[in-house]
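Peer 1: Can you read through this structure? Questions will come right after.
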Ligand code: CUK
Ligand code: CUA
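In our numbering, the protein residues as written are 3 to 763.
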């Protein structure tokens, strides 16, 4: 202790007198000069820098693109906080390597085939009255039409549902204002019947698009597949969707491209897709009365396709729930304004955004005022009859988000590599800012909800070219943070995103998220139900019958129970493990050498791994998280014995401990106890009971200390018999419990010191 204090003093003195460390006395001006920063840079730094221990105001959930994952980061710090395995196995979280998560991934198998990747595009946060409620997150897989449900209590993927009639999907996930339904639209038209072939010559007759309304059961926290349904749509390459809100609640809107129904065929001497799909001046905005569609399905007006309810186009037309409106040239995206009064569509090959009025759309429908019918008999409402305004923004307008300020919107300009700020009420352009390069989506805080929060905008740029240190031909994406709280937008920060190509992201006020820190002991986190393989301390067991070995084990610093698992070659082995910790962040991992299994077992969780022990031999298993000082010792052996193997050696190898060793261990125990007593003295002299986290830590430390009694009785009994090996080892175990208690105690002490605990008198 003394030598440490002397060292610290020497360092402080050196710093004060500028000895040894050149930068010790650097001023802000010095740093600016050395790093080439101007005033604007320093202002940006002040707006984004988040000191140690401080948290972000907003949490962003970004699609992970081709990684099939979700990326969570904080705003304004742009610090990545978590990757969440969704459509793709994720080893850290054991996702795809333990039985519980394998069951979730299996929900996303298509035609009986395992699919281990996804092209995730659009996350959506669950809403109540059109406002983000922070409970659930949904995201789509464009390549293999699927939707995943994540619970934001533990940031885990709970369910993946495969679309029963589509071959791709793009317009998902979007939620209705009370998350009654999760919307998913097809992109590339194909026959709806499973495994059905029709030649491209029959494209117009047999290929179809569609929109699926997945019923969300909020209490269960899962999509209710039997109560979900779809609407058959023309083969127009439906793109994105959005649900109406406020006055337009009950309706949904989907844009499309390639309504030319062009089918390509360079190899047959025809012009390519890109030419044929952009020949017309307009495509179609689809307008759907989904609330009425729900009633029609309830009345039995849907047809079953692949066992799934589908409202056919002729029914939709007859019942008056489906309409089309021309929209300018190859649009990308459709966004309903926060007040629910307008629908904004941007044409990629047009310099304008078009603002449609929901009132005008309704008036035209009510008056039966249609300009034509499409080839499938769907009424087409005239564009001029429904437009509120069109605004010229620039080249390649794509996606739109909203500000907390009334009527203010932001639209990404892909070709111009800019963000345009404009007013959708009076049709005026307010400001523009350049980004690097080729922006796709953009995101403002809660910017697609009924009550956007403004403040920040993130540009999700496709290219990063010269922004970061080069890492070879494959570049990261670039998420650029822009301050939108003033009239002029200001670029603050570039964040490389090195995990696939994120398309869309959503950001929510951090205070709305209320994730838990532990599970109820014995929970299967993927079903939220008690795990049948869970046991409490002291109930651990191994069952073996008919070639099946089932382990019911537990994990707590720093041991795995059981420590030896014996099986015969060919046995099917299931290892259930419950993490008995109550302390926060005390995760244990579990793997068995060369059997390709892994689980991440957070406090309270029960996970299981399963494999066929098809190789004779000795396979260490261990905890994969550095959970405690004796983490490396958190280990065990799986012994895969040959069939009919008989033991010949009787005893385990012994170490030669002496009475002197035992006495030395007792001394170590006494010294450690003195440290613990001083920490306990500090904690109990404060108002620690006002800090729930500390109360938890104290309980945990007390638990550890309570275990010493049993080990103490054992070492004393062994010592009485002069069995110095057993005496010393059980005394060491007492020390281990002390170390764990002291570790937590010191953590609690630091917490109290840093969080302003008061001394009690
Ligand atoms: S999409 Cu990629 S930039 Cu899938 Cu929403 Cu527009
Ligand atoms: Cu538990 Cu390392």
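The C-beta atom is built at its ideal place from N, Cα and C for all residues, glycine as well. Being a predicted model, the structure only gives us computed values, none of them experimental.
CB-CB under 8 Å to residue 366, same chain, minus the five flanking residues each way: which ones, in chain order?
Peer 2: Working through the chain shown from its first residue, we reach residue 366 at position 364. Once the five neighbours on either side are set aside, the close Cβ partners of residue 366 are 372, 383, 384, 387, 388.
Peer 1: Using the Cα positions of residue 695 and residue 701, report the straight-line distance between them to the nearest angstrom.
Peer 2: Numbered from its first residue, the chain shown carries residue 695 at position 693. Numbered from its first residue, the chain shown carries residue 701 at position 699. The straight-line gap from Cα to Cα measures roughly 10 Å.
Peer 1: I'd like the list of long-range same chain contacts for residue 566, defined as Cβ closer than 8 Å, with 5 residues on each side in sequence excluded.
Peer 2: Taking the first residue of the chain shown as 1, we reach residue 566 at position 564. Around residue 566: 638, 639, 641.
Peer 1: Looking at the secondary structure, which residues open and close the alpha helix (DSSP H) in which residue 208 lies?
Peer 2: The residue you call residue 208 lines up with position 206 of the chain shown. Taken as a continuous stretch (DSSP letters only), the alpha helix (DSSP H) holding residue 208 covers 205–208.
Peer 1: Quick one: residues in its chain with C-beta nearer than 8 Å to the C-beta of residue 617, no 5 flanking neighbours on either side, listed in chain order?
Peer 2: Your numbering for residue 617 matches position 615 in the chain shown. Excluding positions up to five away in sequence, the list reads 571, 596, 642.
Peer 1: Since residue 543 sits in a beta bridge, which residues does DSSP pair it with?
Peer 2: Position 541 of the chain shown holds residue 543. DSSP, once it has assigned bridges, lists 554 as partnering residue 543.
Peer 1: Excluding five sequence neighbours on each side, which residues of the same chain lie with their C-beta closer than 6 Å to the C-beta of residue 168?
Peer 2: Residue 168 sits at position 166 when you count from the first residue of the chain shown. Same-chain partners within the cutoff: 147, 188.
Peer 1: Does the ligand CUK have even one heavy atom less than 8 Å from the beta-carbon of residue 506?
Peer 2: Residue mapping note: residue 506 aligns to position 504 of the chain shown, counting from 1. Yes; taking the cut-off as 8 Å, the Cβ of residue 506 has a heavy atom of the ligand CUK nearer than that.
Peer 1: Does the Cβ-Cβ distance between residue 354 and residue 394 come in under 9 Å?
Peer 2: Numbered from 1 along the chain shown, position 352 holds the residue referred to as residue 354. Numbered from 1 along the chain shown, position 392 holds the residue referred to as residue 394. The beta carbons of residue 354 and residue 394 sit closer together than 9 Å.
Peer 1: Under the three-state reduction of DSSP, which class applies to residue 755: helix, strand or coil?
Peer 2: Numbered from 1 along the chain shown, position 753 holds the residue referred to as residue 755. Residue 755: helix per DSSP, three-state reduction.
Peer 1: Is residue 400 close to the ligand CUK? I mean its beta-carbon at under 8 Å from any heavy atom of the ligand.
Peer 2: What you label residue 400 is simply residue 398 of the chain shown in a count that begins at 1. Yes, the ligand CUK has a heavy atom inside 8 Å of this Cβ.
Peer 1: Would the beta-carbon of residue 213 fall within 9 Å of that of residue 288?
Peer 2: Stepping through the chain shown from its first residue, residue 213 is reached at position 211. Stepping through the chain shown from its first residue, residue 288 is reached at position 286. Between residue 213 and residue 288, the gap from beta carbon to beta carbon is short of 9 Å.
Peer 1: So, with DSSP's three-state summary, where would you put residue 424?
Peer 2: As a position in the chain shown, residue 424 is number 422, starting the count at 1. Three-state result, residue 424: strand.
Peer 1: Throw me the rounded Cβ distance for the residue 509 and residue 65 pair, which I believe falls under 8 Å.
Peer 2: Stepping through the chain shown from its first residue, residue 509 is reached at position 507. Stepping through the chain shown from its first residue, residue 65 is reached at position 63. Not really, about 13 Å apart at Cβ, beyond 8 Å.
Peer 1: Report back the beta-carbon spacing between residue 312 and residue 231 to the nearest angstrom; my notes put them in contact at under 8 Å.
Peer 2: Here residue 312 is taken as the residue at index 310 of the chain shown, counted from 1. Here residue 231 is taken as the residue at index 229 of the chain shown, counted from 1. That pair is a contact at about 7 Å.
Peer 1: With distances taken Cα to Cα, identify the nearest neighbour of residue 299 among 561, 708, 515, 229.
Peer 2: What you label residue 299 is simply residue 297 of the chain shown in a count that begins at 1. The alpha carbon of residue 299 has as its nearest neighbour, out of 561, 708, 515, 229, the alpha carbon of 229.
Peer 1: Taking only runs that begin and end inside the stretch 44–71, name each unbroken beta strand (DSSP E) of 3 or more residues, in chain order.
Peer 2: Within the stretch 44–71, complete beta strand (DSSP E) segments of at least 3 residues are found at 60–65, given in chain order.
Peer 1: Using 8 Å as the threshold, is the stretch 472–491 in touch with the stretch 274–291, meaning 3 or more CB pairs across them?
Peer 2: no
Peer 1: Taking the continuous alpha helix (DSSP H) assigned at residue 704, which residues delimit it?
Peer 2: The residue labelled residue 704 in the question sits at position 702 within the chain shown. Its alpha helix (DSSP H) spans residues 694–708.
Peer 1: Please work out which residues of its chain come closer than 7 Å, Cβ to Cβ, to residue 531, disregarding the five sequence neighbours upstream and downstream, and give them in chain order.
Peer 2: For the purposes of this step, residue 531 is taken as the residue at position 529 of the chain shown. If we look at residue 531 and ignore the five residues flanking it on each side, it has no Cβ neighbours.
Peer 1: Going by DSSP, what residue range makes up the beta strand (DSSP E) through residue 143?
Peer 2: Translated into the one-based positions of the chain shown, residue 143 becomes position 141. Unbroken beta strand (DSSP E) run through residue 143: 133–143.
Peer 1: Shorter than 8 Å, the distance from the beta carbon of residue 625 to the closest heavy atom of the ligand CUA, or not?
Peer 2: Position 623 of the chain shown, counting from 1, holds the residue named residue 625. Answer for residue 625: yes, Cβ within range of the ligand CUA.
Peer 1: Measuring from the CB of residue 144, is there a heavy atom of the ligand CUK at a distance below 8 Å?
Peer 2: Stepping through the chain shown from its first residue, residue 144 is reached at position 142. Flag set: Cβ of residue 144 near the ligand CUK.
Peer 1: Can residue 245 and residue 338 be called in contact, C-beta distance under 9 Å?
Peer 2: Residue 245 sits at position 243 when you count from the first residue of the chain shown. Residue 338 sits at position 336 when you count from the first residue of the chain shown. Cβ distance < 9 Å, so residue 245 and residue 338 count as in contact.
Peer 1: Would you mind giving the Cβ-Cβ distance between residue 285 and residue 329, rounded to the nearest angstrom? I have them listed as a contact below 8 Å.
Peer 2: What you label residue 285 is simply residue 283 of the chain shown in a count that begins at 1. What you label residue 329 is simply residue 327 of the chain shown in a count that begins at 1. Contact holds; Cβ gap of about 6 Å.
Peer 1: Go to residue 501, then tell me how far its beta strand (DSSP E) extends in each direction, as first and last residue.
Peer 2: Here residue 501 refers to the residue found at position 499 of the chain shown. From DSSP, residue 501 is part of no beta strand (DSSP E); its letter is neither H nor E.
Peer 1: Cα-Cα, which of 522, 449, 512, 737 is closest to residue 56?
Peer 2: Walking along the chain shown from the start, residue 56 turns up at place 54. Comparing Cα positions, the closest option is 512.
Peer 1: At the level of alpha carbons, what is the spacing between residue 398 and residue 308?
Peer 2: What you label residue 398 is simply residue 396 of the chain shown in a count that begins at 1. What you label residue 308 is simply residue 306 of the chain shown in a count that begins at 1. For residue 398 and residue 308, the distance between alpha carbons rounds to 39 Å.
Peer 1: Assuming residue 69 contacts residue 499 (C-beta within less than 8 Å), just tell me the rounded distance between them.
Peer 2: Counting from 1 along the chain shown, the entry for residue 69 is found at position 67. Counting from 1 along the chain shown, the entry for residue 499 is found at position 497. That belief does not hold up - the Cβ atoms of residue 69 and residue 499 are roughly 10 Å apart, past 8 Å.
Peer 1: Under a three-way DSSP split, which group does residue 226 fall into?
Peer 2: The sequence position of residue 226 within the chain shown is 224, counting from 1. In the structure shown, residue 226 sits in a strand (DSSP, three-state: E or B).
Peer 1: State yes or no: is the C-beta of residue 438 nearer than 8 Å to some heavy atom of the ligand CUK?
Peer 2: Taking the chain shown and counting its residues from 1, the one referred to as residue 438 is at position 436. No - the ligand CUK has no heavy atom lying nearer than 8 Å to the Cβ of residue 438.
Peer 1: Work out the CA separation of residue 348 and residue 422 for me, nearest whole Å.
Peer 2: As a first step, residue 422 is located in the chain shown; it is residue number 420 there, counting from the start. As a first step, residue 348 is located in the chain shown; it is residue number 346 there, counting from the start. Cα to Cα, residue 422 sits roughly 12 Å from residue 348.
Peer 1: Can the beta-carbon of residue 689 be found closer than 9 Å to that of residue 760?
Peer 2: The residue labelled residue 689 in the question sits at position 687 within the chain shown. The residue labelled residue 760 in the question sits at position 758 within the chain shown. Going by C-beta atoms, residue 689 is nearer than 9 Å to residue 760.
Peer 1: Looking at residue 57 and the ligand CUA, is the gap between the Cβ and the nearest heavy atom below 8 Å?
Peer 2: For the purposes of this step, residue 57 is identified with residue 55 of the chain shown, where counting begins at 1. Checking the Cβ of residue 57 against the ligand CUA gives no.
Peer 1: Considering only the alpha carbon of each residue, which of 678, 608, 255 lies closest to residue 215?
Peer 2: By one-based count along the chain shown, residue 215 stands at place 213. Closest option to residue 215, Cα to Cα, is 255.
Peer 1: Let me confirm a value: residue 51 is counted as buried when at least 16 other C-beta atoms fall within 10 Å, else exposed. Which label applies?
Peer 2: Numbered from 1 along the chain shown, position 49 holds the residue referred to as residue 51. So residue 51 counts as exposed.
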